[in-house]
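In the working numbering, the protein residues as written are 357 to 792.
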């Protein structure tokens with residue numbers, strides 16, 4: 357996943373940004389009363405399927421409601437978003453608004469002219485739009501006290517489990533694992549009494565895809581962190597983190613935790629070949645489709661350590677404004693407001709599978725109440741929002757290399773038979789050398 361970011365491109369981008377600083381100082385108009393086109397980079401549009409179709413419909417609905425605004429929607433893979441923005445800004449054709457994964461947010465703020473909403477939107481208008489939104493969800497897009505992104509498509513880790521396999525293993529499917537110790541006990545029973553694999557997860561190994569958002573959840577749940585609160589020091593070698601990784605190592609060595617590729621884990625869970633799968637809640641629709649008529653799929657909150665509840669982090673993305681043109685800023689803000697409205701979140705949750713930032717709509721019959729009643733598997737995801745912690749993005753231009761060094765070490769510590777403490781110690785020292 358590591359991609360070095362060319363210094364020459366960064367310097368050109370910085371020059372472009374500084375050259376337009378005077379434009380940013382102009383006040384954003386109260387409305388768009390002229391024809392304007394904005395360019396919107398969206399990664400849901402880069403893949404065929406429900407996500408793209410729902411996004412296309414939302415954009416069409418927005419344009420119908422805002423006839424003066426045309427949205428030039430461009431599909432860009434999430435893993436290519438940073439390099440695409442970088443190249444296009446250097447060429448003078450950068451986007452006006454983007455769907456940015458939270459792991460890239462800090463770099464985007466520092467290098468791509470991400471605009472803080474507090475700097476362009478009148479306070480009363482911003483407060484009115486924030487009303488009804490989850491405060492924990494709003495924090496996902498904040499850095500240094502300002503809001504640079506509004507959570508658009510995001511999810512939390514959910515434990516999906518096969519109730520039929522629980523019964524075959526002599527377990528009570530009405531009592532899913534609450535702690536990691538519970539999960540180990542259940543996993544050993546599944547391994548002993550069924551032909552299924554007990555547990556797979558998107559925490560570390562090939563199933564994580566190289567992302568650390570779920571790993572951060574596990575470490576946070578044990579009272580640790582991967583980065584100090586002042587964002588200067590890596591902390592994944594602290595005792596709490598070491599203990600959390602040792603727990604995962606024990607699950608693997610006991611035969612409970614099976615490392616699988618993301619795609620194969622999804623398919624195996626949907627086929628009834630895995631007892632428990634900790635993954636993004638966005639996979640709910642896929643897993644339901646596979647389980648229908650084959651086995652009973654259920655869901656539970658992420659396990660915690662002992663009496664301490666889990667501290668789930670988020671995957672996903674936020675909407676970010678980049679343009680410094682006042683009229684385009686208003687158009688981009690109108691798009692952002694529309695895409696984070698009750699109507700849009702109803703579509704995003706029911707059709708794509710993400711968590712709504714507006715928690716009040718889940719009980720509103722005009723929006724999601726009926727859908728939630730028909731889809732009980734979403735409830736653990738909603739219940740976890742009150743404990744939601746942001747997915748921490750590492751600072752500086754080497755943030756992806758830092759993440760890669762850490763994740764490689766975590767993979768070895770869990771699956772490679774190496775000394776956990778020494779491996780994390782050495783990796784932290786190497787990664788710290790890349791910190792700004």
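Ideal Cβ placement from N, Cα and C applies to all residues, glycine included. Since this is a predicted model, take the numbers as computed values, not measurements.
Taking the continuous alpha helix (DSSP H) assigned at residue 737, which residues delimit it?
-> For the purposes of this step, residue 737 is taken as residue 381 along the chain shown, with counting starting at 1. Where residue 737 is concerned, the enclosing alpha helix (DSSP H) stretches over 735 to 739.
Take every Cβ of the stretch 545 to 563, pair it with every Cβ of the stretch 612 to 620, and state whether three or more of those distances are shorter than 8 Å.
-> yes
Is it true that the stretch 385 to 396 meets the stretch 415 to 424, where meeting means three or more beta-carbon pairs spaced less than 8 Å apart?
-> yes
Could you tell me the distance, in whole angstroms, from the CA atom of residue 603 to the CA atom of residue 680?
-> Here residue 603 refers to the residue found at position 247 of the chain shown. Here residue 680 refers to the residue found at position 324 of the chain shown. Answer to the nearest angstrom: the Cα atoms are 48 Å apart.
Please say whether residue 776 and residue 601 have beta carbons closer to each other than 7 Å?
-> Mapped onto the chain shown, residue 601 falls at position 245. Mapped onto the chain shown, residue 776 falls at position 420. In contact: residue 601 and residue 776 (Cβ atoms closer than 7 Å).
What's the call for residue 500, buried or exposed, on a 16-neighbour Cβ count within 10 Å?
-> Translated into the one-based positions of the chain shown, residue 500 becomes position 144. With fewer than 16 other Cβ atoms within 10 Å, it is exposed.
Cβ of residue 526 less than 7 Å from any chain B Cβ?
-> The structure shown contains no chain B, having only a single protein chain.
Given residue 700, which residues of its chain have a CB within under 7 Å of its CB, disregarding the five upstream and five downstream residues?
-> Numbered from its first residue, the chain shown carries residue 700 at position 344. Around residue 700: 414, 694.
Using the beta-carbon count (16 or more within 10 Å), is residue 745 buried or exposed?
-> The sequence position of residue 745 within the chain shown is 389, counting from 1. Burial call: buried.
Alpha carbon of residue 682 to alpha carbon of residue 671, nearest angstrom = On the chain shown, residue 682 is found 326 positions in, with the first residue counted as 1. On the chain shown, residue 671 is found 315 positions in, with the first residue counted as 1. For residue 682 and residue 671, the distance between alpha carbons rounds to 31 Å.
Opposite residue 636 in the DSSP bridges: which residues?
-> The count along the chain shown starts at 1 and reaches residue 636 at position 280. Paired residue(s): 513.
Less than 8 Å between the CB atoms is what I'm expecting for residue 677 and residue 453, so what's the real figure, rounded?
-> Here residue 677 is taken as the residue at index 321 of the chain shown, counted from 1. Here residue 453 is taken as the residue at index 97 of the chain shown, counted from 1. With a Cβ gap of about 5 Å, residue 677 and residue 453 count as contacting.
The alpha helix (DSSP H) spanning residue 703 covers which residue range?
-> Here residue 703 is taken as the residue at index 347 of the chain shown, counted from 1. Counting along the chain, the alpha helix (DSSP H) containing residue 703 begins and ends at 698 to 703.
DSSP beta-bridge partners of residue 455 = As a first step, residue 455 must be located in the chain shown, where it is residue number 99. Answer by DSSP bridge pairing, in chain order: 675.
Can at least three beta-carbon pairs, one atom from the stretch 638 to 655 and one from the stretch 564 to 577, be found at a separation below 8 Å?
-> no
Can the beta-carbon of residue 482 be found closer than 7 Å to that of residue 494?
-> Numbered from 1 along the chain shown, position 126 holds the residue referred to as residue 482. Numbered from 1 along the chain shown, position 138 holds the residue referred to as residue 494. No, these two residues do not count as a Cβ contact at 7 Å.
Got a sec? Which residues, its chain only, sit under 6 Å from residue 648 by beta carbon, not counting five neighbours each side?
-> Within the chain shown, the letter at position 292 stands for residue 648. Closer than 6 Å at Cβ, skipping near neighbours: no residue.
CB residue 747 to CB residue 458, shorter than 7 Å?
-> Along the chain shown, one-based indexing puts residue 747 at 391. Along the chain shown, one-based indexing puts residue 458 at 102. Yes, the Cβ-Cβ distance between residue 747 and residue 458 is below 7 Å.
Given residue 733, which residues of its chain have a CB within under 6 Å of its CB, disregarding the five upstream and five downstream residues?
-> Numbered from 1 along the chain shown, position 377 holds the residue referred to as residue 733. Hits under 6 Å: 640, 655.
Do residue 455 and residue 398 come within 7 Å of each other at the CB atom, strictly closer than that value?
-> To locate residue 398, count along the chain shown from 1; it is residue 42. To locate residue 455, count along the chain shown from 1; it is residue 99. Yes, the Cβ-Cβ distance between residue 398 and residue 455 is below 7 Å.
Under 7 Å, do residue 539 and residue 631 count as touching if we go by C-beta distance?
-> In the chain shown, counting from the first residue as 1, residue 539 sits at position 183. In the chain shown, counting from the first residue as 1, residue 631 sits at position 275. Not in contact: residue 539 and residue 631 (Cβ atoms no closer than 7 Å).
Out of curiosity, what's the CA-to-CA distance linking residue 592 and residue 608?
-> Position 236 of the chain shown holds residue 592. Position 252 of the chain shown holds residue 608. Rounded to the nearest angstrom, the two C-alpha atoms are 20 Å apart.
How would you write the range of the beta strand (DSSP E) that residue 394 sits in, first residue to last?
-> If you number the chain shown from 1, residue 394 lands on position 38. That run of the beta strand (DSSP E) goes 392 to 398.
Can you grab the Cα-Cα spacing for the pair residue 612 / residue 675, in whole Å?
-> Taking the chain shown and counting its residues from 1, the one referred to as residue 612 is at position 256. Taking the chain shown and counting its residues from 1, the one referred to as residue 675 is at position 319. Those two C-alpha atoms are separated by around 39 Å.
Taking the DSSP output, what are the residues bridged to residue 693?
-> Locating residue 693 in the chain shown gives position 337, where the first residue counts as 1. Beta-bridge pairing links residue 693 to no other residue.
Tell me whether residue 381 sits in a helix, a strand or coil according to DSSP, three-state version.
-> For this step, residue 381 is matched to residue 25 along the chain shown. Confidence in residue 381 is poor, its pLDDT being 46 and thus under 50, which makes the residue's placement unreliable; the coordinate value appears in the next sentence. The answer is coil: DSSP assigns residue 381 none of H, G, I, E or B.
Proximal residues to residue 385 (C-beta, below 8 Å), its chain only, five neighbours per side dropped | Locating residue 385 in the chain shown gives position 29, counting from the first residue. Counting only Cβ-Cβ distances below 8 Å, and skipping sequence neighbours, we find 682, 683, 686.
Taking all protein chains shown into account, do 16 or more other C-beta atoms lie within 10 angstroms of the C-beta of residue 779, making it buried, or fewer, making it exposed?
-> By 1-based counting over the chain shown, the position of residue 779 is 423. With 16 or more other Cβ atoms within 10 Å, it is buried.
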